[in-house]
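In full-length UniProt numbering, the protein residues as written are 1 to 397.
Spelled out as structure tokens, the structure:
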């Protein structure tokens with residue numbers, strides 16, 4: 001009897017059990033029983049094997065509905081399932097069972113569901129173009145945030161404006177943009193204005209009180225109103241907070257006021273370009289450059305101008321050339337700080353930086369600077385009126 005059963009199995013395998021079909025059986029995870037069938041099960045075994053043969057020669061559902069399976073995954077990429085999803089799909093199965101590999105029908109249903117989900121998302125967002133545009137903006141914002149975070153972590157910041165727009169500036173008081181320049185004051189009496197870089201600038205090394213080196217340069221002009229004597233001047237500033245509170249017009253230049261002048265807790269720094277002499281502030285004249293810390297009274301000051309060298313009889317001689325700050329001409333300023341030395345230079349805009357600074361001061365700014373501060377400009381008029389403009393500005397540290 002056993003011999004007869006073996007012959008029947010061999011015949012069936014020769015007719016429908018080709019090598020590819022046996023491989024397919026293994027791929028489908030179908031496992032034949034290792035037990036020997038009973039003698040009375042011969043007819044049932046033959047019928048079962050014939051049904052399997054007809055099934056193996058037919059196409060799967062995914063092949064019928066997707067004649068080009070390589071196109072199924074075209075379009076939007078589908079993320080692989082998470083570990084939790086894999087666990088859910090195999091829940092209720094014995095871990096000892098042989099793994100079953102999908103023939104394509106299940107994968108097709110996943111793709112259809114994914115496509116429907118994506119289509120609904122596209123409809124909600126409006127259209128594909130808008131969705132891609134939003135994604136692009138998100139990428140750009142992430143890159144920008146990365147640069148900002150890097151600048152904060154290293155203390156490094158660099159920018160340059162040959163013309164200005166409001167996206168990078170904070171404007172207060174009468175300050176406004178005028179043909180790409182910053183106009184700090186109006187042609188009226190007691191006008192006051194302030195313009196700051198839109199974000200605080202890191203000034204100290206990480207976990208240290210030491211001030212980082214910095215360089216800044218800008219061009220400005222002070223123009224008389226109707227040919228009259230102008231006033232009062234402008235200041236390059238570092239301040240702890242945005243806004244214009246605590247500042248007054250006239251001789252205070254939009255920098256401080258009578259109440260807070262001289263307060264050591266101000267934490268303000270300024271390089272003033274003063275065109276009115278105020279005896280109460282010990283101004284040396286009505287055309288000077290000064291260094292101010294927490295006060296409108298300058299720590300050090302010098303008449304406006306620049307030093308240059310002249311070779312005479314094989315000898316280099318230093319000469320001073322005076323400048324008039326309120327004549328409407330454009331001047332360039334350079335301010336450099338390194339190793340507690342502060343240098344300030346000024347010259348006509350088209351000239352190179354002078355070899356020797358107008359102000360050259362040893363000062364430890366860590367006693368006055370906070371970790372981060374706003375940088376910018378302020379100006380004011382009083383009874384005397386003038387137009388104070390900033391035309392360009394660069395900064396790096």
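Glycine included, each C-beta is placed from N, C-alpha and C at the ideal position. None of the values given here were measured: they were computed from a predicted structure.
Query raised in the report: Which residue's Cα is closest to the Cα of residue 227: 156, 259, 347, 386?
Result: Taking the first residue of the chain shown as position 1, residue 227 is located at position 227. Measuring from the Cα of residue 227, the nearest candidate turns out to be 386.
Query raised in the report: Taking residue 247 as the reference, which of 241, 256, 239 has the closest Cα?
Result: Looking up residue 247 in the chain shown gives position 247. Comparing Cα-Cα distances from residue 247 to each of 241, 256, 239, the minimum goes to 256.
Query raised in the report: Which runs of the beta strand (DSSP E) fall wholly inside the stretch 236-306 and span at least 3 residues, in chain order?
Result: 269-274, 288-293, 300-303
Report task. Tell me whether residue 178 sits in a helix, a strand or coil according to DSSP, three-state version. Result -> For the purposes of this step, residue 178 is taken as residue 178 along the chain shown, with counting starting at 1. Looking at residue 178 - three-state DSSP - the assignment turns out to be strand.
Query raised in the report: Looking at residue 175 and residue 381, is the spacing between their C-beta atoms short of 8 Å?
Result: In the chain shown, the residue the question calls residue 381 occupies position 381. In the chain shown, the residue the question calls residue 175 occupies position 175. No, the pair does not count as a contact, with Cβ atoms beyond the cut-off.
Query raised in the report: Is residue 346 near the ligand MG, with its Cβ less than 7 Å from a heavy atom?
Result: This structure does not include the ligand MG; it has no bound ligands of any sort.
Query - Rounded C-alpha distance that separates residue 170 from residue 221 - result: Looking up residue 170 in the chain shown gives position 170. Looking up residue 221 in the chain shown gives position 221. Answer to the nearest angstrom: the Cα atoms are 20 Å apart.
**Report entry** Alpha carbon of residue 188 to alpha carbon of residue 285, nearest angstrom
**Finding:** Taking the first residue of the chain shown as 1, we reach residue 188 at position 188. Taking the first residue of the chain shown as 1, we reach residue 285 at position 285. Cα-Cα distance, rounded: 24 Å.
**Report entry** CB-CB length for residue 304 against residue 293, believed under 8 Å
**Finding:** Working through the chain shown from its first residue, we reach residue 304 at position 304. Working through the chain shown from its first residue, we reach residue 293 at position 293. With a Cβ gap of about 20 Å, residue 304 and residue 293 do not count as contacting.
Report task. Note down, in chain order, each residue of its chain lying with its Cβ closer than 8 Å to the Cβ of residue 123, except the 5 sequence neighbours on either side. Result -> Position 123 of the chain shown, counted from the first residue, corresponds to residue 123. Residue placement at residue 123 is flagged as unreliable, the pLDDT there being 45, under the threshold of 50; the coordinate-derived value follows with that caveat. Excluding residues within five positions, none has a Cβ falling inside 8 Å.
Query raised in the report: If we ignore side chains and look at the alpha-carbon of each, how far apart do residue 245 and residue 355 end up?
Result: Within the chain shown, residue 245 is the residue found at index 245, counting from 1. Within the chain shown, residue 355 is the residue found at index 355, counting from 1. C-alpha separation (whole angstroms): 38 Å.
Report task. May I have the straight-line CA-CA distance separating residue 298 from residue 167, to the nearest angstrom? Result -> Walking along the chain shown from the start, residue 298 turns up at place 298. Walking along the chain shown from the start, residue 167 turns up at place 167. Near 33 Å, if we compare the C-alpha coordinates of residue 167 and residue 298.
Query - Cβ contact check for the stretch 341-353 and the stretch 177-186: 3 or more pairs under 8 Å - result: no
Requested in this report: Kindly identify the DSSP beta-bridge partner or partners of residue 225.
Outcome: Counting from 1 along the chain shown, the entry for residue 225 is found at position 225. Its beta-bridge partners do not exist; DSSP assigns none.
Report task. Output the distance between the C-alpha atoms of residue 79 and residue 156, rounded to the nearest integer angstrom. Result -> For the purposes of this step, residue 79 is taken as residue 79 along the chain shown, with counting starting at 1. For the purposes of this step, residue 156 is taken as residue 156 along the chain shown, with counting starting at 1. In this prediction, residue 79 has a pLDDT of 38, which is less than 50 and means its spatial position is unreliable; what the coordinates show is noted afterwards. Residue 79 and residue 156: Cα-Cα distance of roughly 38 Å.
Requested in this report: May I ask you to report which of helix, strand or coil DSSP gives residue 359?
Outcome: Along the chain shown, one-based indexing puts residue 359 at 359. Looking at residue 359 - three-state DSSP - the assignment turns out to be strand.
Query raised in the report: Under a Cβ-count criterion, where at least 16 other Cβ atoms within 10 Å of its own Cβ denotes burial, should residue 318 be classed as buried or exposed?
Result: In the chain shown, residue 318 corresponds to position 318, counting from 1. The residue in question, residue 318, is exposed, as its Cβ has fewer than 16 Cβ neighbours within 10 Å.
Query raised in the report: From residue 160 to residue 313, what distance separates their C-alpha atoms?
Result: Along the chain shown, one-based indexing puts residue 160 at 160. Along the chain shown, one-based indexing puts residue 313 at 313. If I take the Cα positions, the gap works out to 42 Å.
**Report entry** Proximity winner among 206, 270, 172, relative to residue 335 (alpha-carbon distances)
**Finding:** Taking the first residue of the chain shown as 1, we reach residue 335 at position 335. Of the candidates 206, 270, 172, the one whose C-alpha sits nearest the C-alpha of residue 335 is 270.
Query raised in the report: What is the rounded straight-line gap between the Cα of residue 251 and the Cα of residue 202?
Result: Here residue 251 refers to the residue found at position 251 of the chain shown. Here residue 202 refers to the residue found at position 202 of the chain shown. If I take the Cα positions, the gap works out to 30 Å.
Query - Separation of residue 394 from residue 243, as counted between CA atoms - result: The sequence position of residue 243 within the chain shown is 243, counting from 1. The sequence position of residue 394 within the chain shown is 394, counting from 1. Those two C-alpha atoms are separated by around 21 Å.
Requested in this report: Please look up how many angstroms separate the CB atoms of residue 196 and residue 267, rounded, as I've assumed it's under 8 Å.
Outcome: If you number the chain shown from 1, residue 196 lands on position 196. If you number the chain shown from 1, residue 267 lands on position 267. Not a contact, Cβ separation roughly 15 Å.
Query raised in the report: Quick one: what's got a C-beta closer than 8 Å to residue 260's C-beta in the same chain, skipping five residues either side?
Result: Here the question's residue 260 lines up with position 260 in the chain shown. The residues are 246, 266.
Query raised in the report: In the structure shown, what three-state DSSP assignment does residue 342 receive?
Result: Translated into the one-based positions of the chain shown, residue 342 becomes position 342. Strand at residue 342.
**Report entry** Under 8 Å between C-beta atoms of residue 273 and residue 234
**Finding:** To locate residue 273, count along the chain shown from 1; it is residue 273. To locate residue 234, count along the chain shown from 1; it is residue 234. In this structure, residue 234 lies closer than 8 Å to residue 273 by Cβ.
Query raised in the report: Measuring CA to CA, which of 178, 191, 212, 207 is closest to residue 340?
Result: Mapped onto the chain shown, residue 340 falls at position 340. Across the set 178, 191, 212, 207, the C-alpha of 212 shows the shortest separation from the C-alpha of residue 340.
Query raised in the report: Beta carbon of residue 315, beta carbon of residue 359: below 8 Å?
Result: Here the question's residue 315 lines up with position 315 in the chain shown. Here the question's residue 359 lines up with position 359 in the chain shown. Cβ distance not < 8 Å, so residue 315 and residue 359 don't count as in contact.
Report task. Go ahead and label residue 345 buried or exposed: buried means 16 or more other beta carbons lie within 10 angstroms of its beta carbon, across all protein chains shown. Result -> Here the question's residue 345 lines up with position 345 in the chain shown. Buried.
**Report entry** residue 331 to residue 389 span [Cα, whole Å]
**Finding:** The residue given as residue 331 occupies position 331 in the chain shown. The residue given as residue 389 occupies position 389 in the chain shown. One C-alpha to the other measures close to 11 Å.
Report task. For residue 321, collect the residues of the same chain with a Cβ closer than 7 Å to its Cβ; drop the 5 residues on either side in sequence, then sort them by chain order. Result -> Locating residue 321 in the chain shown gives position 321, where the first residue counts as 1. 305, 306, 308.
Requested in this report: Give the DSSP bridge partners of residue 312, in chain order.
Outcome: Taking the first residue of the chain shown as position 1, residue 312 is located at position 312. Residue 312 is bridged to 315.
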